[in-house]
Each structure stands twice: as C-alpha cells, then as structure tokens.
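J.: I'd like to ask you about the structure that follows.
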Amino acid sequence: MSVVGTGQFFGSPEEERDKLMRSLLEQKNKQSSPEGIPVVTLNDGNTIPQLGFGVFKVDPDEAERVVTQALEAGYRHIDTAAIYGNEEGVGRAIAKSGIPREDLFITTKVWNDRHLDVEAAFEESLQKLGLEYVDLYLVHWPAPKNGTYVQAWKQMEKLGDRAKSIGVCNFLPEHLDTLLAEATTVPAINQIELHPALQQRDAVEASKAAGIAIESWGPLGQGRYDLGAEKAIADAAAKYGKTPAQVVIRWHLQNGFIVFPKTVTRSRMVENLNVFDFLLSDEEMAAITALERGDRGGSHPNDLN
Ligand SMILES: NC(=O)c1ccc[n+]([C@@H]2O[C@H](COP(=O)([O-])OP(=O)(O)OC[C@H]3O[C@@H](n4cnc5c(N)ncnc54)[C@H](OP(=O)(O)O)[C@@H]3O)[C@@H](O)[C@H]2O)c1
C-alpha cells in the first residue's frame, strides 16, 4: 500500500482491492486473530495495524477493564491521549496482559497546553503508561490561535527513539503547509475526524500528497447518528449479514484509512474486529461515500485552542 518517500499511501483502487482480497484469504480461518489485521507501512518505514481500539471518553476507572477486554478480543493497537486522563489504566492493562511489547502498537498525544513543553509532557505520558517508548506520538490539535504548533513539532522531531513514529491530528491543509515549510521530519500520520457524514477530502488529499497516512477518528460518527438509518449502509449490512458499524469499518479499511473504533461494550469489541470476511463492492463504497454532508461532531480545528 504505502511506499516510503514517494508520497503514495494509497494504492490504486485495484491495488487496494487485491491487497484486501489477499488479506481476506489469509484470514479466512483466523477471525479476530491479531496477526490477521492488515498493517499500513508509514513514511518512516514503521508499520501500524490498520484496525485498532480507541479510548476517548473511557472513564479512567474503567480503562484497565476495557483495554484488558480489547486485548483479549485481539486488538493490538490502542489509541489514547494525555487529555483522556486514562493513560494509567491503559498502562495497567498492557502490563497485566503479558503480551510482548513488540506485538503492541500504542499511541498517545500531547495536549494543546504543552506545545512549548513537549518533552516533559512526553515523559509524563510514558510514565503514566508504564512504557519505555510509544509507537506513535501525536500533536493533538494545531490550536492555531496559540501559534505554537510549529514549535511543538520541532520538539517532537527531537524525541528520538522513544517515539517510534510522530504525527499530528486535526491538521487542515493550511496547517500542513505551514508545518511542512519548517519541518525536518514529515509527519507519519494525520488523525482527523472522518466518517461517512464528514470526509474532510481536502485534508485527506493534502495529507496523501505529502505522504502522510490518514487515521479516521470518530469513525462511527461517535454514535451521534444512526448508521443503520442510511440506506447505503443498511443495504450492505443486509446483503452481507453484517451490522451497520461493521459495514462502516470496512468502508474505512477499503479507503486505506487507519481506524480504531471505541467501545466499552465487550460484544462490540468483537463485532468491530469481525470485518475481514466480506468486501464492499465499488458501487457500495461509492454509495457510502455519497453520504458526505459536512456533519462535524467535534470542534473545527481552528476553533479549539
Ligand atoms: N485526535 C482527536 O482529536 C480525536 C478525537 C476524538 C477521538 N479520537 C480517537 O478516535 C477514537 C474513536 O473515535 P470516538 O471514540 O470519538 O468515536 P467512535 O469510535 O466513532 O464511536 C464511539 C461510539 O460508538 C459506539 N459503538 C462502538 N461500536 C459500536 C457498534 N459496533 N455498534 C453500535 N455502536 C457502537 C460506542 O458505544 P459504547 O462505548 O457505549 O459501546 C460509542 O458511543 C477515540 O476513542 C480516540 O481514540 C481522537
């Protein structure tokens, strides 16, 4: 899918389809196995499981239980952030799991009030997580009114080997342009709000052009709208015997996006992983893509400072 240094993170539709068909065949007999989740190669050469597990709004008291169950279900990629307040619980679940560190992919993020203090914020996150390193460290928001994200990035670039990959979240094309004009390291990731009703095509295109892989946050629309009420999603769900959430997760995967739906519900953890035994057709993909309506659930990136 991705080739380092070329700026190509998404193959042609035919290449994406072939790759997914191969992964389907490989996974036929090992549903939900960690090894069965496809990986994306980032512009720094590191790989990331394309399907993971998010923990935004997971109560700190619940985080250990939730992440333990997610790891048991087969997730190996966990997305947290300092601002979520649950890094300690995530860390306890990791420590108790007994899963070799190298088999896990852990992401956390620096909050807006630490843009000028990234190294110390990073140390605090590592300590709370109980980890020697994270696989991905992200600038959580550009917070452009503060005028500090380039300075934050300069510090991100100096974190060295304890942040295996570095990236950004919620960067619009204008923020990427400003950053790239000053950066030594191109971000590996841009994590943006992305679901059928808000697809941020400008940010996706600008990221792709710079060789930056896209992570979709709020991939299920954060539960704000009924996915099954959308005919395109309901029709595919009925055809394949899948749930609306599973259809939408597949739409992300087939678009080449990295995705980590959040749930505190054990059965949904399993459900959201069980997406490798069907393939949406080009027509079904297009019908879901046509659901774009600019429905932003989170803050506009220029407004959260
Ligand atoms: N960088 C950023 O600024 C940013 C912002 C927001 C989120 N994120 C990251 O992205 C992750 C995912 O986004 P999100 O948590 O905001 O939203 P989401 O994953 O789109 O939606 C989570 C909601 O969907 C429900 N849900 C999960 N699976 C379901 C299923 N199979 N059927 C029906 N409902 C289902 C969950 O309910 P229950 O939990 O009650 O089961 C929860 O209410 C976050 O956890 C976080 O790691 C990043």
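Numbering of the sequence shown is given in this note's numbering, commencing with residue 248 and proceeding in unit increments. All C-beta atoms in this analysis are idealised placements derived from N, C-alpha and C, irrespective of residue type, glycine included.
State the DSSP-derived secondary structure class of Q446, mapped to helix, strand or coil.
T.: DSSP places Q446 in coil when its eight states are reduced to three.
J.: Name the two residues that bound the continuous beta strand (DSSP E) containing T294.
T.: T294 to P296 is the extent of the beta strand (DSSP E) around T294.
J.: Does the region 350-364 come close enough to the region 378-396 that 3 or more CB-CB pairs lie under 8 angstroms?
T.: Contact holds: three or more Cβ-Cβ distances are below 8 angstroms.
J.: Check whether the region 511-518 and the region 425-441 are in contact - that is, three or more C-beta pairs closer than 8 angstroms.
T.: Cβ pair count under 8 angstroms is below three, so no.
J.: How should Q374 be labelled, buried or exposed, when 16 other C-beta atoms within 10 angstroms of its C-beta is the threshold for buried?
T.: Q374 should be labelled exposed.
J.: Report buried or exposed for H547, applying the criterion of at least 16 other Cβ atoms within 10 angstroms of its Cβ.
T.: It is exposed - the Cβ of H547 has fewer than 16 other Cβ atoms within 10 Å.
J.: With DSSP as the reference, label N552 as helix, strand or coil.
T.: If DSSP states are grouped into helix, strand and coil, N552 belongs with coil.
J.: Does the pairing of the region 484-504 with the region 309-318 give three or more beta-carbon distances under 8 angstroms?
T.: At 8 angstroms Cβ cutoff, the stretches do not touch.
J.: When you compare the CB positions of Y331 and F303, do they come within less than 9 angstroms of one another, or not?
T.: It is a contact, given that the beta carbons lie within the stated cut-off.
J.: By alpha-carbon positions, which one of K356, L445 and P307 ends up nearest to R339?
T.: Comparing Cα positions, the closest option is P307.
J.: When we look at the beta-carbon of K411 and count the other beta-carbons within 10 Å, is it buried (16 or more) or exposed?
T.: Classification for K411: buried.
J.: Classify D542 as helix, strand or coil using the three-state DSSP reduction.
T.: Note: D542 maps to coil in three-state DSSP.
J.: Taking its Cβ as the centre, do 16 or more other Cβ atoms sit within 10 Å of S280, making it buried, or is it exposed?
T.: Here the model assigns S280 a pLDDT of 44, short of 50, so the residue's position is not dependable, and the following value carries that caveat. It counts as exposed.
J.: So, helix, strand or coil for N393, using DSSP?
T.: N393 falls in the helix class under three-state DSSP.
J.: Run through the DSSP bridge pairs and tell me what S412 is partnered with.
T.: Answer is L383, bridged to S412.
J.: Using CA coordinates, which residue listed in T490, T425, A456 and P466 is at the minimum distance from L445?
T.: For the residues T490, T425, A456 and P466, the minimum Cα distance to L445 belongs to P466.
J.: Using three-state DSSP, classify G468 as helix, strand or coil.
T.: The answer is helix: DSSP assigns G468 an H, G or I state.
J.: Please report the straight-line C-alpha distance between K556 and K392, rounded to a whole angstrom.
T.: Any question about residue 556 goes unanswered here, given that the chain covers just 248 to 552.
J.: So what does DSSP say about S372, is it helix, strand or coil?
T.: If DSSP states are grouped into helix, strand and coil, S372 belongs with the helices.
J.: How is the alpha helix (DSSP H) around N519 delimited, first residue to last?
T.: Its alpha helix (DSSP H) spans residues R513 to L520.
J.: Based on the DSSP secondary-structure assignment, which residues constitute the bridge partners of I439?
T.: Per DSSP, S463.
J.: State the beta-bridge partners of F352 as determined by DSSP.
T.: F352 is bridged to H324.
J.: Does the Cβ of S528 have 16 or more other Cβ atoms within 10 Å, making it buried, or fewer, making it exposed?
T.: Exposed is the call here.
J.: Going by beta carbon distance, what residues of the same chain come within less than 6 angstroms of E531, once the five residues before and after it are set aside?
T.: Correct list, in chain order: A483.
J.: What three-state label does DSSP hand I346 in the structure shown?
T.: Of the three classes helix, strand and coil, the one that applies to I346 here is coil, per DSSP.
J.: Got a sec: does ligand 1 put a non-hydrogen atom nearer than 8 angstroms to the Cβ of L385?
T.: Yes, the Cβ of L385 comes within 8 angstroms of a heavy atom of ligand 1.
J.: Suppose the cutoff is 7 angstroms on Cβ atoms and the five residues either side in sequence are ignored; what does the same chain contact list for E452 look like?
T.: Here the set comprises nothing.
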